[in-house]
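Working notes, structure below.
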Amino acid sequence: MSDTSSAEYTILSLSHEALAAKTQEIVSSFESASSEHELHQLVSAIDQLNHNANRELHHYVHRLQARHQSDVAAVELNRAKLADTLKTTNDLITVFSDSNNIGSTLTYKLKALDKEISRVTQTSEYVSSTKLLKNNINQAVYAMEHKSYQLAANCIRTIKTKVPDSLIDGDYAASVIPSTDIPEFPRVVIDNLVKQLIEVFKVQFDDAAAKKDMQQLTKFFELFPLIGQEEVGLNCYSKFISQVITDTSRSLIQSISSGSGGEASKKIGLYSRSSMQLFENISMMLAQHAPLINRYYASTYSNALPYVINKIQPEIDSQIGLITDTFYDEKRLGKIIQDIRLYDFPILRARLESEPPTRASSEFSRSSFEDNELVTIVEAGDLFSEFANIFNYWSLYCKFISTRYLNASASPKLVPKLLVDSNFTRKIQSKYLPAFETIFNFYFRRSLEKAITIEALPALEPYLLANGARYPEQPPCSSVIEDLTLVLNTCIKSIIDSSQITAVKSFVTESFKVIKNDLINGYFIKELNEHSPRYNSALSLINPKTSLLTVSSPRTSRGGTPAPDPAGGMGFFKGAQSALGTVVGGGASNSASSATISNNPKLVNFVLYLNTVAVGQEYFTKILDNITKNDAYYIRNCFPFGDDASIVQNILQLELFNPFVSLTNKLIQESLINFYNQSIKAKMLTIVGDFLDDTDDSNYLIYSTNVLNDNGLILQFTSDWRNLIRPYGQVFHHELIFGKLLKLIILNLANIIEKRLVYVLKRFKINEFGSLKLEKDISGFISEVCEDNYELREKFIRVTQLVLLVGMDEEEYEESIQQNEHESDEDGGINWVFTPSERRQFRNFRI
Numbered sequence: 045m046s047d048t049s050s051a052e053y054t055i056l057s058l059s060h061e062a063l064a065a066k067t068q069e070i071v072s073s074f075e076s077a078s079s080e081h082e083l084h085q086l087v088s089a090i091d092q093l094n095h096n097a098n099r100e101l102h103h104y105v106h107r108l109q110a111r112h113q114s115d116v117a118a119v120e121l122n123r124a125k126l127a128d129t130l131k132t133t134n135d136l137i138t139v140f141s142d143s144n145n146i147g148s149t150l151t152y153k154l155k156a157l158d159k160e161i162s163r164v165t166q167t168s169e170y171v172s173s174t175k176l177l178k179n180n181i182n183q184a185v186y187a188m189e190h191k192s193y194q195l196a197a198n199c200i201r202t203i204k205t206k207v208p209d210s211l212i213d214g215d216y217a218a219s220v221i222p223s224t225d226i227p228e229f230p231r232v233v234i235d236n237l238v239k240q241l242i243e244v245f246k247v248q249f250d251d252a253a254a255k256k257d258m259q260q261l262t263k264f265f266e267l268f269p270l271i272g273q274e275e276v277g278l279n280c281y282s283k284f285i286s287q288v289i290t291d292t293s294r295s296l297i298q299s300i301s302s303g304s305g306g307e308a309s310k311k312i313g314l315y316s317r318s319s320m321q322l323f324e325n326i327s328m329m330l331a332q333h334a335p336l337i338n339r340y341y342a343s344t345y346s347n348a349l350p351y352v353i354n355k356i357q358p359e360i361d362s363q364i365g366l367i368t369d370t371f372y373d374e375k376r377l378g379k380i381i382q383d384i385r386l387y388d389f390p391i392l393r394a395r396l397e398s399e400p401p402t403r404a405s406s407e408f409s410r411s412s413f414e415d416n417e418l419v420t421i422v423e424a425g426d427l428f429s430e431f432a433n434i435f436n437y438w439s440l441y442c443k444f445i446s447t448r449y450l451n452a453s454a455s456p457k458l459v460p461k462l463l464v465d466s467n468f469t470r471k472i473q474s475k476y477l478p479a480f481e482t483i484f485n486f487y488f489r490r491s492l493e494k495a496i497t498i499e500a501l502p503a504l505e506p507y508l509l510a511n512g513a514r515y516p517e518q519p520p521c522s523s524v525i526e527d528l529t530l531v532l533n534t535c536i537k538s539i540i541d542s543s544q545i546t547a548v549k550s551f552v553t554e555s556f557k558v559i560k561n562d563l564i565n566g567y568f569i570k571e572l573n574e575h576s577p578r579y580n581s582a583l584s585l586i587n588p589k590t591s592l593l594t595v596s597s598p599r600t601s602r603g604g605t606p607a608p609d610p611a612g613g614m615g616f617f618k619g620a621q622s623a624l625g626t627v628v629g630g631g632a633s634n635s636a637s638s639a640t641i642s643n644n645p646k647l648v649n650f651v652l653y654l655n656t657v658a659v660g661q662e663y664f665t666k667i668l669d670n671i672t673k674n675d676a677y678y679i680r681n682c683f684p685f686g687d688d689a690s691i692v693q694n695i696l697q698l699e700l701f702n703p704f705v706s707l708t709n710k711l712i713q714e715s716l717i718n719f720y721n722q723s724i725k726a727k728m729l730t731i732v733g734d735f736l737d738d739t740d741d742s743n744y745l746i747y748s749t750n751v752l753n754d755n756g757l758i759l760q761f762t763s764d765w766r767n768l769i770r771p772y773g774q775v776f777h778h779e780l781i782f783g784k785l786l787k788l789i790i791l792n793l794a795n796i797i798e799k800r801l802v803y804v805l806k807r808f809k810i811n812e813f814g815s816l817k818l819e820k821d822i823s824g825f826i827s828e829v830c831e832d833n834y835e836l837r838e839k840f841i842r843v844t845q846l847v848l849l850v851g852m853d854e855e856e857y858e859e860s861i862q863q864n865e866h867e868s869d870e871d872g873g874i875n876w877v878f879t880p881s882e883r884r885q886f887r888n889f890r891i
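This is how it looks when you write it as structure tokens:
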């Protein structure tokens, strides 16, 4: 056995676990010994075990001691080797310490040398700067004596940029530089030179400005920054530009008043064009002079352009104020405002009274007033337009100045304080804007009054031709809404162009009052009530061959003038009515061929005025869309500052158009309900009564296939239905009136036919053939009245399920009952709208 394995064996035999096991074995043998002989054997075993343990321990200690001595010898050898290394390390530390001392000494000496060099350099620079100061002072004085002003300015610039102030004001310069020729201290000499140059430059600049000598003007303008007097130069330049603005304004005003007998000042748009030319000239001047100012001043005076604009703005305010004041005085706006406030709109006021005036008295009051009209609509419109244009040009100028020169980097841009506090802005708020608001409020309401007085209604008969378009491309309506739409569109765009948010708010508030009180209450509601259709009256289609004999003339109030072109002035007014469209079915045409009598005049006018309400809503909505959607940047361009654009859009949307749409929708709905009760309901009951006959059971208890295949009932219904509905489809506004009317009819029709069907089935019962015919007739009925409108078809769900119940055979019915009992399962079934008891009741109708 090797030494290593022997040692491992010894360790294992002397381990605590091995000894414990042997001890436990001896204890067990002792406890189990039953004789002396066994005890002697146990003692012998213990002695042998003890002897073996001592022998193994002796061998183990001997081997470990030899290994330990070998390890000690190796450590001693390593210690000897490390001693030499330690000695070498100590020698290196000594060398490094000596080197560090030498380096510190060198560093100290180098710093001392650098400090000495710096002092020498400073002294040299100081002497050079002193020499430069003295030479430039002498040169500048010499240049001033010989009127070489540019050389003198360059000398001053050299001193200001290259010589520190501490040297100029220092004792050394004060003792070295003064001489017998120039005895003053350097600072005094420099200040005197600057003052002299300022005076010379100002005189020369003003002289060049007076002579319009731009070369000399530019020459002296660029010299001010050289002597550190940028603001003086900018003041001179601002004065020059202000004088140009004054001369331009004076020539514009003179051109206005230079007409023969002062007639030129009465022409339309002269003052707005003058303000436009003034702002154009100012913008051109700034655009032309800005590069020059930036070239010579931007490097030393960063706010050169804003400084100039701040200086010339009072003159701009003065000149545009002078043009606007001249316009205000020449047009006698003060008196016009008084006349406007005296006018009480008698025609509109009369319509709001409980008893409207008769047509004869209305015509008399209208003619008598128009003869003595103090402020005409044309005059008010011209003043309104010219005011708006002046404000618009001012707004464009503000936008130009703000974005290019004052706060180009601001986002969102805010109106600069210079423009907010300008004199013209204050004058707009205090004087011009109130007059502007008074004029445009009068213009809008007076235009509505005038439109009502010259109202013309189109003939309805051309729309009722049996071969006419199924739906009108342009519904017939009163000329009032077309005239008012043109005026409203013009007013809103002009007021938005004025860029005055308070004007927008004022117009929206006042115009909506006019629209609500005078248009809706005083015109729409009055006319609809006055022409409410008589009971059971209805429109009829007209045979084209006989239409010439039956067409009546429209009610005309324009004094023989032709009807206005619907497309004039509004891109969304459509032209003449289209002659193409869906041709009415045979039954309707046959019936129409016999319609040779005129339709009821009150019903005709009711249709026209109800169309007028719908067309008004459509046109007003398109006005808003044109302003806010078709040209997304229109309002933003007119209101470029802050959140003004979104505020204006919200004002138009929430305070004018949305309320108008809400009011007109309510009026249309109420009028349709009245129209349905008066004209449609009774005829519809008759049609349904003929369709579901309750006089005999021939349509429900059928025993012949001939009767089953008879289509006479559905054909008769189709003819009656088209005769009743088609005329209104051809004359009513398709989306806003006819669609709503049809929905109202369908809602009532579904309820009526359900009740009628329950009644006749309860009375007569129905067999298998009868249910098949009923299903076919009801399907044709729904297809005719709803066509492809699946939303309307849903209104007949109760009717169709009722027909389905009576048409099922017993097996299908039992299956439907079972499906209903397990309706919580995922398997699909019929979604019944009837309760189980109702279904049992209806099922009993089947025999």
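Each residue of the sequence shown is one higher than the one before, starting from 45 at the first, in my numbering. No residue lacks a Cβ here, since even glycine has one placed at the ideal position from N, Cα and C. These figures come from a predicted structure and were not determined experimentally.
Closest by C-alpha distance to Ala-689, when choosing among Asn-96, Ile-671 and Leu-700: Ile-671
Backbone CA spacing between Arg-376 and Pro-520 [nearest angstrom]: 42 Å
Local Cβ density within 10 Å of Met-895, reported as buried at 16 or more and exposed below that: The question about residue 895 has no answer, for the chain in this structure spans 45 to 891.
Simplified DSSP state of Leu-508, which is helix, strand or coil: helix
Counted within 10 angstroms of its Cβ, other Cβ atoms place Arg-883 as buried (16 or more) or exposed: buried
Contact the stretch 745-752 vs the stretch 466-482: 3+ CB pairs below 8 Å: no
6 Å Cβ shell around Gln-260 - same chain, five flanking residues per side excluded: Ala-252
Contact the stretch 333-348 vs the stretch 383-395: 3+ CB pairs below 8 Å: no
Beta-carbon gap between Ile-391 and Glu-526 smaller than 8 Å: no
Span separating the alpha-carbon of Tyr-677 from that of Ser-538: 16 Å
Under 8 Å between C-beta atoms of Gly-365 and Phe-468: yes
Beta-carbon proximity of Phe-264 to Gln-287, cut-off 8 Å: no
Where Ile-586 falls: helix, strand or coil (DSSP): strand
Distance, Leu-121 Cα to Ser-59 Cα: 35 Å
For Arg-490, the three-state DSSP class (helix, strand or coil): helix
Length of the line joining the Cα atoms of Arg-599 and Tyr-487: Because the pLDDT of Arg-599 is 49, which lies under 50, any placement of that residue in the model is unreliable, and the question is left without a value.
Delimiting residues of the alpha helix (DSSP H) encompassing Gln-259: 258-265
Spatial distance of Tyr-515 from Gln-774 (CA atoms): 5 Å
Reference Asp-541; option with closest CA among Leu-463, Tyr-567, Asn-433 and Thr-447: Asn-433
Backbone secondary structure at Arg-890 - three-state DSSP: strand
Where the alpha helix (DSSP H) containing Ala-89 begins and where it ends: 80-189
Where the alpha helix (DSSP H) through Ile-574 begins and ends: Checking the sequence shown, residue 574 turns out to be Glu, not Ile. First-last of the alpha helix (DSSP H) with Glu-574: 570-574.
Member of Ala-510, Leu-654 and Cys-535 whose CA lies at the smallest distance from the CA of Lys-570: Leu-654
CB contact flag (Ile-353, Tyr-449, <8 Å): yes
As assigned by DSSP and simplified to three states, the class of Ile-874: coil
Start-to-end residues for the alpha helix (DSSP H) that takes in Ile-285: 274-301
Completely contained alpha helix (DSSP H) runs for the stretch 508-564, where each covers 4 or more residues: 523-542 and 545-558
Alpha-carbon spacing of Lys-131 relative to Asn-98, whole angstroms: 50 Å
Terminal residues of the alpha helix (DSSP H) in which Tyr-957 lies: There is no way to answer for residue 957, as the model of the chain reaches only from 45 to 891.
Own chain partners of Lys-471 with C-beta closer than 7 Å, once the 5 adjacent residues on each side are dropped: Gly-365
Residues of its chain near Gln-894, where Cβ-Cβ distance is below 8 Å and the 5 sequence neighbours each way are ignored: Outside the displayed span of the chain (45 to 891) sits residue 894, for which this structure offers no information.
Per DSSP, the bridge partner or partners of Ile-810: Arg-890
Touch test, the stretch 562-579 against the stretch 500-510, Cβ-Cβ under 8 Å, three pairs minimum: no
Residues of its chain near Asn-180, where Cβ-Cβ distance is below 6 Å and the 5 sequence neighbours each way are ignored: Cys-199, Thr-202 and Ile-203
Coil, strand or helix - Leu-624 by DSSP: With a pLDDT of only 23 at Leu-624, under the threshold of 50, the placement of this residue in the model should not be trusted; the figure read from the coordinates follows. Three-state DSSP puts Leu-624 in coil, outside helix and strand.
Burial state of Lys-806 (16 or more Cβ within 10 Å): exposed
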